Amino acid sequence: MTSFGFTISAGGPFDFGASLRFVEDWPATSALPSDGRALRFGFCPETDWLPIGVSVTAAPGGVAVTTTRPAGAGIRGEVARILSLDVDGSGFAALGEADPVLGDLQRRSPGLRPVCFWSPWEAACWAMIVQRSSMLIAARLKQRIAERYGATVAVDGREHAVFPPPVTLLEAGGLGLPAQKEEWIRGLARAALDGVLTAEHLRSLAPEQALAELRALPGVGPFSAGLILIRGAGAPDAFPGDEPRLFAILREVYGLPEDAPAVAYRKLADHWRPYRSWASFLFRAATYQPVRGNLGDEPR
67 MTSFGFTISA
77 GGPFDFGASL
87 RFVEDWPATS
97 ALPSDGRALR
107 FGFCPETDWL
117 PIGVSVTAAP
127 GGVAVTTTRP
137 AGAGIRGEVA
147 RILSLDVDGS
157 GFAALGEADP
167 VLGDLQRRSP
177 GLRPVCFWSP
187 WEAACWAMIV
197 QRSSMLIAAR
207 LKQRIAERYG
217 ATVAVDGREH
227 AVFPPPVTLL
237 EAGGLGLPAQ
247 KEEWIRGLAR
257 AALDGVLTAE
267 HLRSLAPEQA
277 LAELRALPGV
287 GPFSAGLILI
297 RGAGAPDAFP
307 GDEPRLFAIL
317 REVYGLPEDA
327 PAVAYRKLAD
337 HWRPYRSWAS
347 FLFRAATYQP
357 VRGNLGDEPR
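Using my numbering, the first residue of the sequence shown is number 67, and each one after it goes up by one.
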């Protein structure tokens, strides 16, 4: 089978091995086989919504990428976004020098950058599926939807079910979800096809405006909006401002009072500009354990 390759360079510290280790523990990617050397997956890039298989391995100064069909600048950019390689991280270390708590995290996980969902569309669907459910069950449901409605691509000799593009789920029923969630997903599909639920659009907006637009979409609450913008679109400098799990972590490590208002967390996060998303990700990743309980609208 013909394959196509290119490389992506990292601006600033980057450890692909750290990204792989995160993916291995992340319920949203629990169906991916791993050998500790390559990240292999299939997805429908928003540049054309056609399925493509991707294999990523470490390369000097970045990563080497192999795809199952020619990858133009758009797809190359989407793979870079997934690994947060579309952002120059040269200045991130300086934040840790000014903030010892963040600096300790950076030393414990050198070169770890946010690993994103394959697209904001897929992140939004995950947010709907996982609401009022466990991440383990949500991961199985998402995989079943991919196997029933998505294409299959072969990557390095292994078959991968690709989560279907928006046009496929626009009229689909029988997803195995409550009727309300299925209706929300159809609404999200329309938003993706209209160009609203895309990384290109969301990254073109100020983070606060992007979050507001996302909260206006069907079924999207404040936690889901933050997930879609930060871990879907890969916005490097966003802070949702209303995330109990992250707030609890920050209270513990910074000694904030239990009744600290949301503005106190936003003020703390202001010191992490222009990498607020990256810093927040490190705090979550450092304390991350697969959660099996009810997550409400906090699909992390």
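Just so you know, even glycine gets a beta-carbon here, dropped at the ideal spot from N, CA and C.
What you are looking at is a predicted structure, and each value in this text was computed from that prediction instead of being measured.
Strand pairing of residue i, partner residues [DSSP]
i	result
Val181	Paired residue(s): none; Val181 is not in a bridge.
Val120	Phe107 and Thr133
Ala220	Glu225
Ala125	Gly128
Beta-carbon contacts of residue i that lie in its chain and below 6 Å, excluding the five residues immediately before and after
i	result
Thr218	Glu225 and Ala227
Val122	Leu105, Val129 and Val131
Gly261	His267
Arg135	Ile118
Gly338	The amino acid occupying residue 338 in the given sequence is Trp; Gly does not appear at that position. Same-chain partners within the cutoff: Leu161 and Ala345.
Ala276	Leu268 and Leu295
Leu241	Ile211 and Glu248
Ser69	Thr132
Thr353	Ile315
Enclosing beta strand (DSSP E) for residue i [first to last residue]
i	result
His226	Arg224 to Ala227
Span of the alpha helix (DSSP H) around residue i
i	result
Leu105	Here Leu105 belongs to no alpha helix (DSSP H); instead the beta strand (DSSP E) covers Ala104 to Phe109.
Phe399	For residue 399 there is no data in the structure shown, the boundaries of the chain being 67 and 366.
Leu271	Note, Leu271: premise wrong, no alpha helix (DSSP H); not H, not E.
Phe289	Pro288 to Leu293
Ala160	Phe158 to Ala164
Ala352	Arg342 to Ala352
Pro310	Pro310 to Tyr320
Pro186	Pro186 to Val196
Gly83	Phe82 to Asp91
Asp101	Unbroken run through Asp101: none, as it is neither H nor E.
Glu213	Met201 to Tyr215
Arg147	Ala139 to Ile148
Asp303	Premise fails: Asp303 is in no alpha helix (DSSP H) and is neither H nor E.
Arg332	Ala328 to Asp336
Spatial neighbours of residue i in its chain, beta-carbon cut-off 8 Å, leaving aside the 5 residues before and after
i	result
Gly362	Annotation note: pLDDT 37 at Gly362 (below 50); position unreliable, coordinate value reported separately. Answer for Gly362: Gln197, Arg198 and Phe289, listed in chain order.
Tyr320	Val167 and Leu334
Arg256	Pro232 and Leu236
Leu316	Leu322, Tyr331, Leu334 and Phe349
Arg358	Confidence in Arg358 is poor, its pLDDT being 28 and thus under 50, which makes the residue's placement unreliable; the coordinate value appears in the next sentence. Here the set comprises Ser200, Met201 and Leu202.
Ala220	Met67, Gly119, Thr134 and His226
Ala139	none
Ala304	Pro273, Ala276, Leu277, Gly292, Leu295, Ile296, Arg342 and Ser343
Ala326	Phe313 and Arg317
Trp115	Pro231, Pro232 and Val233
Leu259	Pro232, Val233 and Leu236
Cutoff 7 Å; reference residue i; Cβ partners in own chain excluding five residues on either side
i	result
Ala189	Phe183, Leu293, Ile294, Arg297 and Gly298
Phe82	Ala124 and Val129
Ala238	Tyr215
Glu90	Ser100
Ala146	Ile74 and Asp152
Ala84	Ser175, Gly177 and Leu178
Gln355	Confidence at Gln355 is low in this model, with a pLDDT of 42, below 50, so the placement of that residue is unreliable and no value is reported for it.
CB-CB length for residue i against residue j, believed under 8 Å
i	j	result
Pro79	Pro176	6 Å
Ser343	Leu312	Contact doesn't hold; Cβ gap of about 11 Å is too wide.
Leu86	Gly102	6 Å
Ser75	Gly127	5 Å
Pro93	Met201	4 Å
Arg174	Gly155	In fact, because the Cβ distance is near 17 Å, the residues do not count as touching under 8 Å.
Ala351	Phe88	6 Å
Pro99	Glu144	Not quite, the Cβ-Cβ distance comes to about 22 Å (not below 8 Å), so this is no contact.
Asp308	Ala328	6 Å
Ile141	Thr95	19 Å between Cβ atoms; not a contact.
Leu263	Trp187	6 Å
Trp250	Gly285	3 Å
Val181	Leu151	About 11 Å; that fails the 8 Å criterion.
Gln209	Ala97	5 Å
Gln172	Ala159	6 Å
Ser185	Phe107	Ser185 to Phe107, Cβ: 11 Å. No contact.
Residue i beta carbon near the ligand MG (any heavy atom closer than 6 Å)
i	result
Val233	Ligands in the displayed structure: none, and consequently the ligand MG is not present.
Practice prompt. Return the chain-ordered ranges of every alpha helix (DSSP H) run that is complete within the region 224–262 and spans a minimum of 4 residues.
Written response: 232–235 and 245–259
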